[in-house]
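Undergrad: Protein sequence lines, in the order shown, are assigned to chains P and B. Residue numbers 254 to 361, in my numbering, belong to the letters of the first sequence in order. Residue numbers 9 to 246, in my numbering, belong to the letters of the second sequence in order. I have a structure I would like to understand better, so I am pasting it below and will then ask my questions one at a time.
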Amino acid sequence: MSETATIWLIIVSLGIGSFGLRYIFLGVIGDRQMPEWILRHLRYTAVAVLPGLVAPLVIWPAATGGQPDPARMSAAAVTLVVGYLTKNVLAAIFAGAGTLFLMLYLLA
Amino acid sequence: MASYYDRTEYLRGVRGGLPFVLVVVPFALLFGVVATEAGLPLLQVLSFSVVVIAGAAQFTALQLMAENVPTLVIIISALTVNLRMAMYSASLTPHLGALPFMRRAFVAYCLVDQSYALSILEYEKRPEMSLAQKFSYFMGAITPVVPLWYAATVAGAMVGQAIPPALALDFAVPITFLAMIGPMLRTQAHVLAAAVSVSMALIFAFLPWNLGLIVAAIAGMVTGAEVERRVEMARAAQ
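Now the structure itself:
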């Protein structure tokens, strides 16, 4: 198979597979009632996935070659605390970005 | 046909989605740059972003293609990176499962980290939202994100230059997610679920294909559910 055909195969397979993963529950279960114990687990999906997704990026940032970086860590801490206290996503983003640039400037 | 458009909620979603422009544009630009440097023609680069619409999986595929890994392994690895999407799908089903077929399919196609996190946060904050309001909010949230994902991919492929590292845009992804995690920590169960997720993700970071995240996600969900169950039992016993 040619190089180009292989890449198309990868693109199409990933497209079908990714859509399948995203559609599997929304599409198949739809509005049927799910058992309470499953719903109880699903209520924690967001807090179980997103922190795990972010943690390695904070501790071992790619931009520093995986070295822990005080500027990025303090920005992460400020963002989380401001988000938690204010419940305001935008305020947390600006506080975090401000901390990051300030710390990068001070430590440079 | 029932109307699923609620203007107020749609605009609220757009406002919520706007900050993600800062995340999505550099990420897609970078994909365009890297994919073009790897030798992919513009049509394939754009097709990747339109068909797959998942940054981490796209970068994984690209990386493995450069290492001449067998095609089947590339496909399985990149899909494993996307396993969390199935969890998002399950989590949104109680909220959006009653939509007609085509709308559910469209939501599924647009289901990315940002649209999921933003929507679930809003649905939990305001449980009184109707189906139409929830759908409109989701549509609003993806409006600034998805078209720019395509456009920035093309721009990256055409410009072909790296983004200045001084902007520290690598950290846009962690900051926007952390900003959403904060308000999600509403109960002891949420806090413990998040803490377990973080520890497990760091402990199992050595696993290939992002499987550490799946371990962390399952452990976090079990923790949250178990804490909630115990709190309820304690309350019922009083």
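Don't be surprised by glycine CBs; every beta carbon is placed ideally from N, CA and C. Owing to the predicted nature of the structure, the values given are computational and were not obtained by experimental measurement.
Given a limit of 9 Å on CB to CB distance, which residues of the stretch 334-346 of chain P reach chain B?
TA: Val334, Val335, Gly336, Tyr337, Leu338, Thr339, Lys340, Asn341, Val342, Leu343, Ala344, Ala345 and Ile346
Undergrad: May I have the straight-line CA-CA distance separating Gln141 of chain B from Val300 of chain P, to the nearest angstrom?
TA: 23 Å
Undergrad: Quick check: does the Cβ of Ala163 of chain B come within less than 8 Å of any heavy atom belonging to the ligand ATP?
TA: This structure lacks the ligand ATP; in fact it carries no ligand of any kind.
Undergrad: Using the rule of at least 16 other Cβ atoms within 10 Å of the residue's Cβ for burial, across every protein chain shown, is Arg325 of chain P buried or exposed?
TA: buried
Undergrad: Grouping DSSP H, G and I as helix and E and B as strand, with all else coil, what is Asn218 of chain B?
TA: Residue state, collapsed to three classes: helix.
Undergrad: Could you check if Glu75 of chain B is buried or exposed, using at least 16 other CB atoms within 10 Å of its CB as the buried criterion?
TA: exposed
Undergrad: What distance in whole Å lies between the Cβ atoms of Gly105 of chain B and Ile277 of chain P, which are believed to be in contact at a cut-off of 8 Å?
TA: Not quite, the Cβ-Cβ distance comes to about 12 Å (not below 8 Å), so this is no contact.
Undergrad: Against Asn76 of chain B, what residues of chain P qualify as contacts under a CB-to-CB distance less than 8 Å, listed in chain order?
TA: The contacting residues do not exist; Asn76 of chain B stays about 11 Å from chain P at best.
Undergrad: Below 7 Å CB to CB, which residues in the same chain sit around Ser327 of chain P once its five sequence neighbours on both sides are set aside?
TA: Thr352 and Met356
Undergrad: Between the alpha carbons of Met208 of chain B and Glu240 of chain B, how many angstroms are there, rounded?
TA: 26 Å
Undergrad: Taking only three categories from DSSP, how would you classify Pro288 of chain P?
TA: coil
Undergrad: Between which two residues does the alpha helix (DSSP H) containing Pro27 of chain B stretch?
TA: Run containing Pro27 of chain B: none; DSSP gives neither H nor E here.
Undergrad: So Tyr12 of chain B packs on Thr298 of chain P, CB below 8 Å; how close in whole Å?
TA: The Cβ separation is near 24 Å, so there is no contact.
Undergrad: Using a beta-carbon distance below 9 Å, is Leu359 of chain P in contact with chain B?
TA: no
Undergrad: Measure the alpha-carbon distance for Leu72 of chain B versus Ala245 of chain B and round it to whole angstroms.
TA: 55 Å
Undergrad: Measure from the C-beta of Leu353 of chain P to each C-beta in chain B and report whether the shortest distance is under 9 Å.
TA: Yes, Leu353 of chain P counts as interfacial toward chain B.
Undergrad: Using the three-state DSSP reduction, which class does Thr231 of chain B fall into: helix, strand or coil?
TA: helix
Undergrad: How about Asp14 of chain B: is its C-beta nearer than 9 Å to some C-beta of chain P?
TA: no
Undergrad: How would you label Ile211 of chain B, buried or exposed, when you count the other beta carbons within 10 angstroms and need 16 or more for buried?
TA: Counting of Cβ neighbours within 10 angstroms places Ile211 of chain B among the exposed residues, the total staying below 16.
Undergrad: Met287 of chain P touches chain B at which residues, Cβ-Cβ below 8 Å?
TA: Thr101 and Pro102
Undergrad: Quick one: grab the DSSP three-state call for Thr151 of chain B.
TA: coil
Undergrad: Would you kindly report the start and end of the unbroken alpha helix (DSSP H) that includes Ala330 of chain P?
TA: Start and end: Pro323 to Thr339.
Undergrad: Suppose contacts are defined by Cβ-Cβ distances below 9 Å. Is Gly319 of chain P in contact with Val206 of chain B by that definition?
TA: no
Undergrad: Please state if the CB of Pro152 of chain B and the CB of Val60 of chain B are separated by a distance shorter than 9 Å.
TA: no
Undergrad: Would you call the CB atoms of Ile150 of chain B and Gly40 of chain B closer than 9 Å?
TA: no
Undergrad: Could you give the DSSP three-state label for Val120 of chain B: helix, strand or coil?
TA: coil
Undergrad: Counting only C-beta atoms, is Ser271 of chain P closer than 9 Å to chain B at any point?
TA: Ser271 of chain P belongs to the set of residues whose beta carbon lies under 9 Å from a beta carbon in chain B.
Undergrad: Among the residues of its own chain, which have a CB less than 6 Å from the CB of His103 of chain B, if the five just before and after it don't count?
TA: Closer than 6 Å at the Cβ level, and outside the excluded window around His103 of chain B, lie Tyr131 and Lys142.
Undergrad: Which residues in chain B have a C-beta closer than 7 Å to the C-beta of Pro309 of chain P? List them in chain order.
TA: At a beta-carbon threshold of 7 Å, the residues of chain B lying near Pro309 of chain P are Ala209, Leu210 and Ala213, ordered along the chain.
Undergrad: Compare the C-beta of Pro314 of chain P against all C-beta atoms of chain B and say whether one is closer than 9 Å.
TA: yes
Undergrad: Give the DSSP-derived three-state secondary structure of Asp14 of chain B in the structure shown.
TA: coil
Undergrad: Distance, Cα to Cα, Gly270 of chain P vs Thr88 of chain B?
TA: 10 Å
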